[in-house]
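Residue numbers (my numbering), protein chains in the order written: chain A, 222 to 513; chain B, 190 to 537.
No residue lacks a Cβ here, since even glycine has one placed at the ideal position from N, Cα and C.
This report refers to the structure that appears directly beneath it.
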Ligand code: FES
Ligand SMILES: [Fe+2]
Ligand SMILES: [Fe+2]
């Protein structure tokens with residue numbers, strides 16, 4: 222009898238009740254590297270508003286799903302994203318306590334997700350089309366969250382650089398759940414709409430949006446940081462150093478994943494490893510704290 | 190206010206020129222695209238259930254039977270992995286979940302085992318009393334809420350019928366040549382199914398009639414560095430969770446089939462204001478379950494009060510809030526919270 226080491230499949234997705242204690246986490250949680258720290262911190266600024274938007278859009282989609290298993294997946298996804306959003310919110314409060322006032326940028330993220338991408342008071346088919354449009358954007362964004370999740374699970378350079386363990390646990394717990402549920406948004410889009418041109422357009426819009434927000438967010442954080450005080454100008458050009466050093470995702474790795482996304486045969490399940498994600502979740506201090 | 194263009198990041202201008210431009214561009218594109226009537230493709234329903242034939246019914250212990258299920262035409266079944274369960278739709282319409290306890294390499298039949306629960310809600314009695322060889326059943330695809338991960342040390346803890354998901358895990362651990370142990374607990378030997386399928390040298394049988402009720406710390410005495418997979422009655426799982434410590438990289442794995450049972454619940458009523466109905470909530474059901482009977486598309490997720498997905502507006506009534514996450518005065522988490530008495534009016 223051969224030994225099967227296949228990836229776990231057909232998982233029931235469940236939200237995990239996690240706890241984090243931020244009180245001991247330093248402002249520059251990658252020691253001595255505020256530039257890399259804030260490149261990752263942009264995530265904390267975008268995620269609460271972004272993931273709450275995922276939850277609202279997916280809740281609206283639930284009644285249209287005609288596949289029991291996909292409905293279960295979507296409900297599990299919603300719960301996981303809701304807990305992600307509130308956990309990153311906790312980091313923002315901690316930033317505020319340390320004198321980093323993030324409110325101006327958070328306000329802009331809220332405008333994007335609640336204003337531009339929010340409800341448009343539509344009815345009938347137009348309402349449905351706007352729903353599908355937003356699901357296509359979420360599917361494209363979830364491609365990146367899955368790729369980033371896989372990256373953070375393997376980002377040993379951050380451990381070697383002495384990155385704060387609580388922050389690493391937040392990022393890896395979140396990244397692991399992103400890997401765990403990476404197929405759901407794509408499955409939902411394919412079930413409801415499935416148009417290939419829409420997928421391409423959603424990816425183009427997502428890349429433009431993420432690149433711009435990352436750039437603006439990093440410039441904002443470097444200027445608002447109470448220690449750096451704008452002495453180093455922020456921007457995504459810093460990725461040219463931090464990417465190859467393994468402290469942030471690397472542009473070439475992300476570009477290669479986008480080329481896979483653009484294929485008609487794309488399957489999110491080919492990105493990242495479910496067993497690695499589940500192994501991390503089994504040992505995550507935050508997820509274990511919630512067992513008790 | 191959040192849909193108004195925000196101030197710029199330095200607080201110099203009331204409307205950030207970047208967002209003025211981005212909104213004009215995005216809204217312009219949306220407006221041009223909306224000149225054409227949208228075409229909404231029809232959603233194709235997906236049915237993942239299948240009818241299965243009961244090929245064999247076997248008595249495995251005093252009050253346990255196993256069922257072997259196969260496709261009526263003998264064709265291959267969807268693959269599964271240790272930890273998977275099936276949703277079984279009984280002829281009465283009851284829906285129950287049972288762990289697959291056969292060999293995953295057998296692609297032509299599934300095995301599940303069922304203990305008769307005298308005070309259960311009738312699903313197990315229906316199986317014991319009415320299902321015979323040749324009967325048919327509708328089942329879902331296998332799903333996994335208890336995934337088995339590759340490790341070099343395992344401690345399996347099974348309580349009674351909770352041995353079912355553990356059986357294929359034990360076999361997998363054996364094939365992996367891992368170092369594994371199983372502690373199998375129950376009232377007495379004759380109530381423990383599948384003892385004959387387990388290699389005695391790695392299995393400790395611990396019955397209440399010989400050893401007394403087990404202490405969870407004892408069950409975990411050997412847990413350091415192991416992946417602990419625990420399945421059994423809810424008090425056993427809760428006890429193991431409380432006693433577990435992650436020494437030497439140990440991890441704990443268990444399956445949550447259902448939300449925790451409701452403790453000292455009182456019946457009350459919910460009025461769904463927008464739907465225009467009033468429904469009774471019995472003492473042993475959550476408001477969410479009752480709402481779902483009336484509105485099957487209502488969103489929920491954790492059913493334990495921590496994710497916030499099920500939150501609804503509370504228009505009137507006194508809430509008995511049962512989770513720290515349910516603090517906002519004008520909303521309610523119906524998966525856990527109840528009424529102190531009388532009626533709650535919800536914005537649904
Ligand atoms: S379903 Fe998660 S809080 Fe109610
Ligand atoms: Fe997320
Ligand atoms: Fe996600």
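Near chain B, meaning a CB-to-CB distance below 8 Å, the residues of the region 303 to 327 of chain A are 303, 304, 307, 325 and 326. Contact annotation for residue 246 of chain A against chain B: no contact, minimum CB-CB distance about 21 Å [criterion: below 9 Å]. Residues of the same chain with a CB within less than 6 Å of the CB of residue 507 of chain B, apart from the 5 flanking positions on each side, are 529 in chain order.
Every residue whose Cβ sits closer than 6 Å to any heavy atom of ligand 3 is listed here in chain order: A:302, A:363, A:366, A:399 and A:402. When rounded, the separation of the alpha-carbon atoms in residue 484 of chain A and residue 421 of chain A is 10 Å. Taking 9 Å as the Cβ-Cβ cut-off, the region 373 to 391 of chain A has no residue approaching chain B. Within the region 269 to 280 of chain B, those residues whose Cβ lies closer than 7 Å to any Cβ of chain A are, in chain order, 270 and 273.
Each of B:409, B:362 and B:464 was checked against the Cα of residue 535 of chain B, and the nearest Cα belongs to B:464. DSSP places residue 442 of chain B within a strand segment (E or B) once states are collapsed to three.
In the DSSP assignment, residue 338 of chain B falls outside any beta strand (DSSP E), carrying neither H nor E. Between the alpha carbons of residue 424 of chain B and residue 451 of chain B lies a distance of about 14 Å. Boundaries of the alpha helix (DSSP H) harbouring residue 313 of chain B: 312 to 319, taken from the DSSP string. Annotated as proximal: residue 338 of chain B and residue 500 of chain A, with beta-carbon spacing under 8 Å. Relative to the non-hydrogen atoms of ligand 2, the Cβ of residue 272 of chain A comes within a distance shorter than 7 Å of at least one. Relative to the non-hydrogen atoms of ligand 2, the Cβ of residue 404 of chain A never comes closer than 7 Å to any of them. At a cut-off of 8 Å between beta-carbon atoms, residue 230 of chain A makes contact with chain B.
Listed by position along chain B, the residues whose Cβ is nearer than 7 Å to that of residue 266 of chain A form an empty set, because the closest Cβ is around 11 Å away. The closest heavy atom of ligand 1 lies 7 Å or more from the beta carbon of residue 456 of chain A. In this structure, residue 524 of chain B lies near residue 492 of chain B, with their beta-carbon atoms less than 8 Å apart. In this structure, residue 240 of chain A has its beta carbon at no less than 7 Å from each heavy atom of ligand 1. When the Cα atoms are used, residue 291 of chain B and residue 350 of chain B turn out to be separated by approximately 14 Å. Residues of chain A whose Cβ lies closer than 9 Å to the Cβ of residue 237 of chain B are, in chain order, 288, 289 and 290. DSSP lists B:527 as the bridge partner or partners of residue 509 of chain B.
For residue 457 of chain B, the uninterrupted beta strand (DSSP E) run begins and ends at 457 to 461, by DSSP. At a C-beta separation below 8 Å, residue 454 of chain A has no neighbours in chain B, since its nearest C-beta there lies roughly 14 Å away. A distance criterion of 7 Å places the beta-carbon of residue 265 of chain A beyond contact range of ligand 2, judged by its closest non-hydrogen atom. Think of a sphere of 7 Å around the beta carbon of residue 260 of chain A: no beta carbon from chain B falls inside it, the nearest being about 17 Å out. In the assembly as shown, residue 501 of chain B is a buried residue. Its beta-carbon has 16 or more other beta-carbons within 10 Å. Boundaries of the alpha helix (DSSP H) harbouring residue 428 of chain B: 423 to 432, taken from the DSSP string.
8 Å or more divides the Cβ of residue 487 of chain B from the Cβ of residue 459 of chain B. Using a Cβ distance threshold of 8 Å, residue 402 of chain A and residue 291 of chain A do not count as a contacting pair. Between the alpha carbons of residue 409 of chain B and residue 370 of chain B lies a distance of about 11 Å. By the rule that beta-carbons nearer than 8 Å mark a contact, residue 272 of chain A does not touch chain B. Approximately 13 Å separates the beta-carbon atoms of residue 357 of chain B and residue 229 of chain A; this is outside 8 Å, ruling out the contact. Within chain A, no residue has its beta carbon less than 7 Å from that of residue 345 of chain B; the closest one is some 15 Å off. Annotated three-state conformation of residue 210 of chain B is helix, per DSSP.
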